[in-house]
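A.B. asks: Going line by line, the protein sequences match chains A and B.
According to the working numbering, the first sequence is numbered sequentially starting from 355.
According to the working numbering, the second sequence is numbered sequentially starting from 355.
Heads up, the beta-carbon is just placed ideally off N, CA and C, and yes, glycines get one too.
2 protein chains.
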Amino acid sequence: MSITIQVLSGDECRTVLGRTSLARLACAKDNQPYIVPILCYFDAEGDALYSVAAAGRKIEWMRANPKVAVEVSEITDRYHWVTVVAFGRFEELTESVADDHLRRRAHELFDQRHEWWLPGMQKPAPDAPAQTVVYRIRIDELSGRRASRARE
Amino acid sequence: MSITIQVLSGDECRTVLGRTSLARLACAKDNQPYIVPILCYFDAEGDALYSVAAAGRKIEWMRANPKVAVEVSEITDRYHWVTVVAFGRFEELTESVADDHLRRRAHELFDQRHEWWLPGMQKPAPDAPAQTVVYRIRIDELSGRRASRARE
Chain A
355 MSITIQVLSG
365 DECRTVLGRT
375 SLARLACAKD
385 NQPYIVPILC
395 YFDAEGDALY
405 SVAAAGRKIE
415 WMRANPKVAV
425 EVSEITDRYH
435 WVTVVAFGRF
445 EELTESVADD
455 HLRRRAHELF
465 DQRHEWWLPG
475 MQKPAPDAPA
485 QTVVYRIRID
495 ELSGRRASRA
505 RE
Chain B
355 MSITIQVLSG
365 DECRTVLGRT
375 SLARLACAKD
385 NQPYIVPILC
395 YFDAEGDALY
405 SVAAAGRKIE
415 WMRANPKVAV
425 EVSEITDRYH
435 WVTVVAFGRF
445 EELTESVADD
455 HLRRRAHELF
465 DQRHEWWLPG
475 MQKPAPDAPA
485 QTVVYRIRID
495 ELSGRRASRA
505 RE
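#1: Please confirm whether Pro387(B) and Cys381(A) have their CB atoms less than 7 Å apart.
#2: Quick one: grab the DSSP three-state call for Glu399(A).
#3: Which same chain residues end up closer than 7 Å to Gly364(A) when comparing Cβ atoms and leaving out the 5 residues on each side of it in sequence?
#4: If you drop the 5 nearest sequence neighbours on each side, which residues of the same chain put their C-beta closer than 7 Å to that of Asp397(A)?
#5: May I have the straight-line CA-CA distance separating Ala440(B) from Arg432(A), to the nearest angstrom?
#6: By Cβ distance below 6 Å, which residues in the same chain neighbour Ala501(A) in space, the five residues on each side in sequence not counted?
#7: Going along chain A, which residues have a C-beta under 8 Å from Leu376(B)?
#8: Give me whichever residues DSSP pairs with Trp435(B) in a beta bridge.
#9: Which value, in whole angstroms, describes the spacing of the CA atoms of Tyr489(B) and Leu447(B)?
#10: Since Gly442(A) contacts Ile491(A) with CB under 8 Å, what's their CB separation in whole angstroms?
#11: Any beta carbon from chain A within less than 7 Å of Lys412(B)'s own beta carbon?
#12: Determine, for Pro473(A), whether the minimum Cβ-Cβ distance to residues of chain B falls below 7 Å.
#13: Measuring alpha carbon to alpha carbon, tell me which of Asp465(A), Gln466(A), Pro420(A), Glu399(A) ends up nearest Leu379(A).
#14: Over the uninterrupted beta strand (DSSP E) stretch that includes Leu379(A), give me the two end residues.
#15: Between which residues of its own chain and Val370(B) is the CB-CB distance below 8 Å, once the five residues before and five after are set aside?
#16: Give me whichever residues DSSP pairs with Val422(A) in a beta bridge.
#17: Within the continuous beta strand (DSSP E) that includes Val361(A), where are the two ends?
#18: Applying the criterion that 16 or more other CB atoms from any shown protein chain within 10 Å of the CB defines a buried residue, is Val390(B) buried or exposed?
#19: Just curious, the alpha helix (DSSP H) that Leu371(A) is in, first and last residue?
#20: For chain A, is any of its Cβ atoms less than 7 Å away from the one on Glu449(B)?
#21: Assuming Gln386(A) is part of the beta strand (DSSP E), what are its boundary residues?
#22: Taking 6 Å as the limit between beta carbons, can you name the residues of its chain near Arg503(B), skipping five residues before and five after?
#23: Is there at least one Cβ from chain A nearer than 7 Å to Thr437(B)'s Cβ?
#24: Quick one: using the 10 Å Cβ neighbour count with 16 as the cut-off for buried, is Ala402(B) buried or exposed?
#25: Would you please state the rounded distance, in angstroms, between the beta carbons of Ala377(B) and Cys394(B)? I believe it to be under 8 Å.
#26: May I ask you to report which of helix, strand or coil DSSP gives Leu447(B)?
#27: Can you tell me the Cα-Cα spacing of Ile445(A) and Gln466(B), whole angstroms?
#28: Alpha carbons only, please: which of Arg373(A), Asp454(A), Asp384(A) is nearest the one belonging to Trp415(A)?
#29: For Glu449(A) and Arg457(A), what's the separation of their Cα atoms in angstroms?
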């Protein structure tokens, strides 16, 4: 019984990001990592992941240190899985004019999926609009691996 | 449509850790977080998660900075999910006499599940015994939340 592990190309990683909306986001403060599940949407044009969250620990930490990692995986069983890790930087999309087109892009991506829910949010967005932070993760580096059953 | 978010007690968090073996581990180097899926097994007695990995980036990073976060979640749909985050510290279980009982405990936990596979491993363990690192995460702090559909 053996498993073949393949390294994914950047394009293969982007394909996985493009079809998966559930991810795990890790941020860090004073070298203490923190991790939460998030929903995010990949925008191939800007090579960025868009998401929304209620203000809270992860937003505070990312404002202080924008370095993050995002992990997406599709795990069928022990012999068949794909996992992609992106290193990137948090960018808050404020209500300023400069960020307007990016906020609109974020809302387009969210609306396409009809999935305005997030484990990272304390409340559904419509109940707490004032506390909602729209942000994106600019991807600096992508890596991924795919496991499959070796032919014997 | 509204979602009720409940904060889990420490015991409820431990119950979730005890029944789930797939987790995400975040570690950090120079405030850059990294994140990988791992299989780990919760030992309620020692309040620790046991795992095994091939030597590689995450092991190097955790040797340099033992502060980690581990996230476990059970996501049924947007209205029903549980997520638990543990802050903890990496402890490598070496082949020394002092660590012998802990390594045995780790192997007991792994054997109970018959799941010697890990996305975090380059190769199945039997192919690369010399590079395999057995470790545990001592839990310092636990938090968790459960979402459910509000009765209306």
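C.D. replies: From the atom records:
#1: Pairing Pro387(B) with Cys381(A) gives a Cβ-Cβ distance under 7 Å.
#2: DSSP places Glu399(A) in coil when its eight states are reduced to three.
#3: Same-chain partners within the cutoff: Leu496.
#4: Leaving aside the five residues that flank Asp397(A) on each side, the residues in its chain whose CB is nearer than 7 Å to its CB run, in chain order, Tyr404, Arg459, Leu463.
#5: Between the alpha carbons of Ala440(B) and Arg432(A) lies a distance of about 24 Å.
#6: Same-chain partners within the cutoff: Ile357, Ile359, Trp435.
#7: Per Cβ cutoff of 8 Å: Ile429.
#8: Bridge partners of Trp435(B): Ile429(B), Ala501(B).
#9: About 5 Å.
#10: 4 Å between Cβ atoms; contact.
#11: By this cut-off, Lys412(B) is not an interface position.
#12: Its pLDDT being 48, under 50, Pro473(A) is placed unreliably by the model, and the measurement read from it follows with that caveat. By this cut-off, Pro473(A) is an interface position.
#13: The shortest Cα separation from Leu379(A) among Asp465(A), Gln466(A), Pro420(A), Glu399(A) belongs to Pro420(A).
#14: Run containing Leu379(A): 376 to 383, per the beta strand (DSSP E) assignment.
#15: Cβ neighbours of Val370(B) beyond the five flanking positions: Leu362, Val426, Glu428, Val436, Val438, Gly498.
#16: BP columns for Val422(A) point to Gly442(A).
#17: That run of the beta strand (DSSP E) goes 357 to 361.
#18: Buried: at least 16 other Cβ atoms inside 10 Å.
#19: Leu371(A): member of the alpha helix (DSSP H) spanning 364 to 373, first to last residue.
#20: No - not a single Cβ of chain A is within 7 Å of the one on Glu449(B).
#21: That run of the beta strand (DSSP E) goes 386 to 393.
#22: Within the same chain, and ignoring the five residues on either side of Arg503(B) in sequence, the residues whose Cβ sits closer than 6 Å to its Cβ are Tyr433.
#23: With 7 Å as the cut-off, Thr437(B) counts as an interface residue toward chain A.
#24: By the neighbour-count rule (16 or more Cβ atoms within 10 Å), Ala402(B) is buried.
#25: Going by Cβ atoms, the distance from Ala377(B) to Cys394(B) rounds to 5 Å, so yes, they are a contact pair.
#26: Leu447(B) carries a coil assignment under DSSP once its states are collapsed to helix, strand and coil.
#27: This sequence places Glu at residue 445(A); Ile is not what is there. Distance between the alpha carbons of Glu445(A) and Gln466(B) is about 44 Å.
#28: The shortest Cα separation from Trp415(A) among Arg373(A), Asp454(A), Asp384(A) belongs to Asp384(A).
#29: For Glu449(A) and Arg457(A), the distance between alpha carbons rounds to 8 Å.
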